[in-house]
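These protein sequences, in sequence, are chains A and B. Under this note's numbering, think of the first position of the first sequence as 1192, with each following residue one higher. Under this note's numbering, think of the first position of the second sequence as 1192, with each following residue one higher. We treat Cβ as the ideally placed atom computed from N, Cα and C, and that holds for glycine.
Protein chains: 2
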Amino acid sequence: FQRILVAGGAGFLGSNLCRRLVNDGHEVICLDNFFTGTKMNVSDLVGKPNFELIRHDVTEPLLLEVDQIYNLACPASPPHYQYDTVKTLRTSFLGALNMLELGKKCRARVLQTSTSEVYGDPDITPQTESYWGNVNPIGVRSCYDEGKRVSETLFREFRVQEGVDTRIVRIFNTYGPGMHPHDGRVISNFIMQALAGDDITLYGDGSQTRSFCFVSDQVDGLIKMMNNPNAHPGPINIGNPNEFTIRELAALCIELTGSKSQLIQLPLPGDDPKQRCPDITLARKELDWEPSVQLREGLEKTIAYFAALDKSKF
Amino acid sequence: FQRILVAGGAGFLGSNLCRRLVNDGHEVICLDNFFTGTKMNVSDLVGKPNFELIRHDVTEPLLLEVDQIYNLACPASPPHYQYDTVKTLRTSFLGALNMLELGKKCRARVLQTSTSEVYGDPDITPQTESYWGNVNPIGVRSCYDEGKRVSETLFREFRVQEGVDTRIVRIFNTYGPGMHPHDGRVISNFIMQALAGDDITLYGDGSQTRSFCFVSDQVDGLIKMMNNPNAHPGPINIGNPNEFTIRELAALCIELTGSKSQLIQLPLPGDDPKQRCPDITLARKELDWEPSVQLREGLEKTIAYFAALDKSKF
Ligand SMILES: NC(=O)c1ccc[n+]([C@@H]2O[C@H](COP(=O)([O-])OP(=O)(O)OC[C@H]3O[C@@H](n4cnc5c(N)ncnc54)[C@H](O)[C@@H]3O)[C@@H](O)[C@H]2O)c1
Ligand SMILES: NC(=O)c1ccc[n+]([C@@H]2O[C@H](COP(=O)([O-])OP(=O)(O)OC[C@H]3O[C@@H](n4cnc5c(N)ncnc54)[C@H](O)[C@@H]3O)[C@@H](O)[C@H]2O)c1
Ligand SMILES: O=c1ccn([C@@H]2O[C@H](COP(=O)(O)OP(=O)(O)O)[C@@H](O)[C@H]2O)c(=O)[nH]1
Ligand SMILES: O=c1ccn([C@@H]2O[C@H](COP(=O)(O)OP(=O)(O)O)[C@@H](O)[C@H]2O)c(=O)[nH]1
Ligand SMILES: O=c1ccn([C@@H]2O[C@H](COP(=O)(O)OP(=O)(O)O)[C@@H](O)[C@H]2O)c(=O)[nH]1
Ligand SMILES: O=c1ccn([C@@H]2O[C@H](COP(=O)(O)OP(=O)(O)O)[C@@H](O)[C@H]2O)c(=O)[nH]1
């Protein structure tokens, strides 16, 4: 077994990752400041002998002895990362810096969860890792996009200059059980609205596209990347290449919940990317990874999770 | 008069800016860690009652009472910013953060010297401020380019969220008296080589272009931006829109020095932009600024400076 630190481990992806790693018998330290994550997300793990929960903010340095570090600490949903944009920038930059310094000190491998947002509003589709992106440095999404881009640069430089064993994954939109019901991202919004019979809030005309990866596939990808045999440092895209318009997604959510909800149109937020679809050739080749859960099946599981959720607790 | 902090004030641009501000009667504090700047650059100002020199690293917070802050602290030449890439990233990010926090505390206006490098290897020419750029997040220039991009984001967010009065200038290649002879940038290299009769080192075939702004024009632009009547926060391009190939520049340096130097070709460094030319429509309109010194005249002054320099002191 390995001693593994998961920064941001109480969040949506982090808690799913911790669960897998704990079940695989590793010694897992989950670090979080509980900004968007909750203790509830990992309540089934608390008390297990190979799981530990630490309240800590990644913008502060820390010292631990571990073998692997997954850095997921960063709000991922636009309303959350826009709540305090300066803090988001500090979390991205200083979080990456502190995890890399820690990795350097204790010779641990460090994996960064970057994002498809580094491609911005892409001119090419699907997006390959060699594409440099089309990102607004001074717009409403910049605190997240530029924070993630510069954290990739930090990862590159700690590898090249400081000799740290690094990995970068570019995560494309991921969903599934464990999402926060008021997270603000499209799948949680649409399912919550459909289940409640509320209007489905389409931003813009709904013709923009996204590609949705189910959480178990994403967690597989992260673990394969951390342990990939050729030590490929990335960046490698991890996402599901099946692309849907947001309008198609809304229709599917209504169909699968049997809801009577109506679509309403709200203004499109600034700099909202028009398309997003990963080219996963590199992940197939280097990690022998591809997604196995498609949207309809994944949505069914996610709807079951949201339907069973005690909404009074959020 | 104003109390003005110039971070990176002992460098090439900073020392020229300090000189202008001191001569205009302001109270100037020059802050520097002397990584690429030298005390010699401001030796004529030391001892003047309205000039003060502080040894400080912008990656550390500091507290002062000032009205205006110019943040120029960052190595600008590729060999210098690549000397310690992690430090360059820290300087860009933490330097911007600390200057903005200081500006917030003492209600000072803060100007960031960003760069044409935020456009990367641009797909459009000339580059307008609305262009989002074509930058490699994980290449040999990324520590500088992404560091500067994210510092622009910090400036935006401190303006929008924290209410700090900010300005962003995107500086295009600037040269003139005060440059370090071993700075590594093209104009200092070519003139030093031409004066010594050494080979002129052309990287690549010399067909890449740059636009060169004389330092006095640049200093005018920075001061006009800091004090612009409409409080336009920028970013605004400041540079000379006359574009030259690097081969043309070499020929001009040989001609003006009357040198017998030969051109030799060396490999083109990675990610070297193929073209760079500012669109200065916005500076003309908002600042009533345009450059007044053209390349031939500026080179003559710069050659006179390098010829008179005591090379044993560097
Ligand atoms: N889910 C996606 O679709 C997606 C897509 C691209 C990238 N990512 C990246 O994956 C990571 C996890 O995303 P998620 O969907 O689980 O988001 P999330 O918001 O559910 O989880 C983020 C976790 O990090 C914690 N955190 C935030 N700031 C912190 C700080 N300063 N110190 C310590 N902990 C902090 C939060 O409390 C939360 O538990 C993020 O880095 C995100 O950018 C996610
Ligand atoms: N000259 C150009 O062509 C050009 C073009 C684009 C942008 N810029 C920007 O203008 C600014 C000044 O450039 P320059 O040409 O004068 O470069 P320079 O290297 O001569 O000056 C930079 C100064 O900052 C100081 N410095 C560096 N790191 C520091 C730190 N951590 N703490 C305190 N001081 C530090 C250096 O010692 C030096 O005095 C830089 O921010 C640069 O990125 C310059
Ligand atoms: O983008 C953000 C915004 C806030 N926080 C943290 O979340 C907690 C609550 O922040 P909030 O601003 O809601 O409250 P306050 O700072 O006033 O306690 C604090 O530890 C913040 O540092 C965070 O990690 N990321
Ligand atoms: O209630 C919502 C939430 C999001 N969106 C759209 O769905 C897409 C995905 O948004 P999300 O916030 O989930 O992630 P993003 O990929 O934009 O970061 C974007 O085009 C949003 O404008 C929407 O139409 N309605
Ligand atoms: O990109 C850099 C590299 C170095 N330095 C500073 O310049 C000084 C000398 O650095 P160097 O690495 O040459 O020597 P050392 O750190 O070993 O003293 C130190 O204060 C560094 O922090 C800097 O500001 N920017
Ligand atoms: O000795 C030199 C130094 C630079 N260059 C080229 O001149 C251009 C400007 O280089 P510089 O380092 O001055 O600034 P940049 O604009 O690339 O940051 C680039 O294409 C360099 O490859 C060159 O041909 N010979």
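**Contacts that residue 1333 of chain B makes with chain A (C-beta to C-beta distance below 7 Å)** = Contacts between residue 1333 of chain B and chain A, judged by CB atoms closer than 7 Å, involve 1344 and 1347 in chain order.
**Asked** Identify the residues that DSSP records as bridge partners of residue 1311 of chain A: which are they?
**Response** DSSP lists A:1325 as partners of residue 1311 of chain A.
**Request:** Go to residue 1214 of chain B, then tell me how far its alpha helix (DSSP H) extends in each direction, as first and last residue.
**Result:** Residue range 1203-1214 is occupied by the alpha helix (DSSP H) that includes residue 1214 of chain B.
**Message:** Any heavy atom of ligand 5 inside 7 Å of the beta-carbon of residue 1335 of chain B?
**Reply:** Checking the Cβ of residue 1335 of chain B against ligand 5 gives no.
**Request:** Using a Cβ cut-off of 7 Å, pull out every chain B residue sitting near residue 1289 of chain A, in sequence order please.
**Result:** Contact of residue 1289 of chain A with chain B by beta-carbon distance below 7 Å is absent, the smallest such distance being about 12 Å.
**Asked** Just how far apart, CA to CA, sit residue 1446 of chain A and residue 1453 of chain A?
**Response** Computed Cα separation, rounded: 12 Å.
**Message:** With the cut-off set at 8 Å, would you say residue 1263 of chain A and residue 1304 of chain A are in Cβ contact?
**Reply:** Yes, the pair counts as a contact, with Cβ atoms nearer than the cut-off.
**Asked** Count the other CB atoms within 10 Å of the CB of residue 1336 of chain B; is the residue buried (16 or more) or exposed (fewer)?
**Response** So residue 1336 of chain B counts as buried.
**Message:** My output table needs one value for residue 1402 of chain B: the three-state DSSP class, helix, strand or coil.
**Reply:** Correct three-state label for residue 1402 of chain B: strand.
**Item:** Spatial neighbours of residue 1195 of chain A in its chain, beta-carbon cut-off 6 Å, leaving aside the 5 residues before and after
**Value:** Annotation for residue 1195 of chain A: 1212, 1217, 1219 and 1259 place their beta carbon closer than 6 Å to its own, counting only its chain and skipping 5 residues before and after.
**Residues in the stretch 1247-1277 of chain A having any Cβ partner in chain B nearer than 8 Å** = Correct list: 1275, 1276 and 1277.
**Message:** Can you tell me which residues fall inside 7 Å of ligand 3, judged by beta-carbon distance to its nearest heavy atom, and keep chain order?
**Reply:** Residues flagged by the Cβ proximity filter: A:1224, A:1226, A:1248, A:1266, A:1271, A:1272, A:1274, A:1275, A:1278, A:1279 and A:1282.
**Message:** In this structure, how does DSSP classify residue 1218 of chain B when only helix, strand and coil are distinguished?
**Reply:** Three-state result, residue 1218 of chain B: strand.
**Prompt:** Are the C-beta of residue 1340 of chain B and some C-beta of chain A separated by less than 8 Å?
**Reply:** So, interface residue.
**Prompt:** In terms of residues, what are the limits of the alpha helix (DSSP H) holding residue 1448 of chain B?
**Reply:** Its alpha helix (DSSP H) spans residues 1437-1448.
**Message:** According to DSSP, simplified to helix, strand and coil, what is residue 1285 of chain A?
**Reply:** In the three-state DSSP reduction, residue 1285 of chain A falls in the helix class (H, G or I).
**Asked** From A:1295, A:1231 and A:1402, pick the residue whose C-alpha is nearest to that of residue 1464 of chain A; which is it?
**Response** Comparing Cα-Cα distances from residue 1464 of chain A to each of A:1295, A:1231 and A:1402, the minimum goes to A:1402.
**Item:** Members of the stretch 1475-1502 of chain A that neighbour chain B once the beta carbon cut-off is set at 7 Å
**Value:** Hits within the stretch: zero.
**Request:** Give a yes or no on whether the C-beta atoms belonging to residue 1288 of chain B and residue 1346 of chain B are separated by under 8 Å.
**Result:** No.
**Message:** For residue 1419 of chain B, would you say it is in contact with chain A, using Cβ-to-Cβ distances shorter than 8 Å as the test?
**Reply:** The beta carbon of residue 1419 of chain B sits no closer than 8 Å to any beta carbon of chain A.
**Request:** Compare the C-alpha of residue 1354 of chain A against each of A:1279, A:1436 and A:1294 and name the closest.
**Result:** Nearest C-alpha to residue 1354 of chain A: A:1294.
**Message:** Any heavy atom of ligand 6 closer than 7 Å to the beta-carbon of residue 1204 of chain B?
**Reply:** No, the beta carbon of residue 1204 of chain B sits no closer than 7 Å to any heavy atom of ligand 6.
**Message:** Our contact map puts residue 1497 of chain B next to residue 1444 of chain B with C-beta atoms below 8 Å; I'd like the distance itself, whole angstroms only.
**Reply:** A Cβ-Cβ distance of about 10 Å is found for the pair residue 1497 of chain B and residue 1444 of chain B, leaving them out of contact under the 8 Å criterion.
**Proximity winner among B:1338, B:1302 and B:1280, relative to residue 1311 of chain B (alpha-carbon distances)** = It is B:1338.
**Item:** Burial state of residue 1466 of chain A (16 or more Cβ within 10 Å)
**Value:** By the C-beta density criterion, residue 1466 of chain A is buried, having at least 16 other C-beta atoms within 10 angstroms.
**Per-residue contacts from residue 1337 of chain B into chain A (C-beta, under 7 Å)** = The answer, in chain order, is 1340, 1341 and 1344.
**Message:** Within 10 Å of its beta-carbon, does residue 1286 of chain B have 16 or more other beta-carbons around it, so buried, or fewer, so exposed?
**Reply:** Per the 10 Å Cβ criterion, buried.
**Request:** Starting from residue 1386 of chain A, trace the alpha helix (DSSP H) both ways and give me its first and last residue.
**Result:** Annotation: the continuous alpha helix (DSSP H) that includes residue 1386 of chain A extends over 1377-1387.
**Item:** Beta-bridge partners of residue 1304 of chain B, as assigned by DSSP
**Value:** Residue 1304 of chain B pairs with B:1360.
**Asked** How many whole angstroms separate the CB atoms of residue 1406 of chain B and residue 1367 of chain B, which I take to be in contact at a CB cut-off of 8 Å?
**Response** Contact annotation, residue 1406 of chain B with residue 1367 of chain B: C-beta distance approximately 3 Å; criterion of less than 8 Å satisfied.
**Request:** Taking only beta-carbon positions, decide if residue 1203 of chain A is within less than 8 Å of chain B.
**Result:** Chain B places no beta carbon closer than 8 Å to that of residue 1203 of chain A, leaving this residue out of the contacts.
**Request:** Taking only the alpha-carbon atoms, compute the straight-line gap between residue 1215 of chain A and residue 1277 of chain A and give it to the nearest angstrom.
**Result:** Cα to Cα, the separation comes out at about 37 Å.
**Message:** I'd like to know whether the C-beta atoms of residue 1523 of chain A and residue 1341 of chain B end up nearer to each other than 8 Å.
**Reply:** As displayed, chain A neither begins before 1192 nor continues past 1505, which places residue 1523 of chain A out of reach and without an answer.
**Asked** Going by alpha carbons, who is nearest to residue 1471 of chain A out of A:1404, A:1505 and A:1488?
**Response** Its Cα nearest to that of residue 1471 of chain A, the residue A:1404 stands out among A:1404, A:1505 and A:1488.
**Request:** Determine which residues share a DSSP beta bridge with residue 1413 of chain A and list them.
**Result:** Beta-bridge annotation (DSSP): residue 1413 of chain A is not paired with any residue.
**Prompt:** Does at least one heavy atom of ligand 7 sit under 7 Å from the Cβ of residue 1493 of chain A?
**Reply:** As for ligand 7, it is missing from this structure, which binds only ligand 1, ligand 2, ligand 3, ligand 4, ligand 5 and ligand 6.
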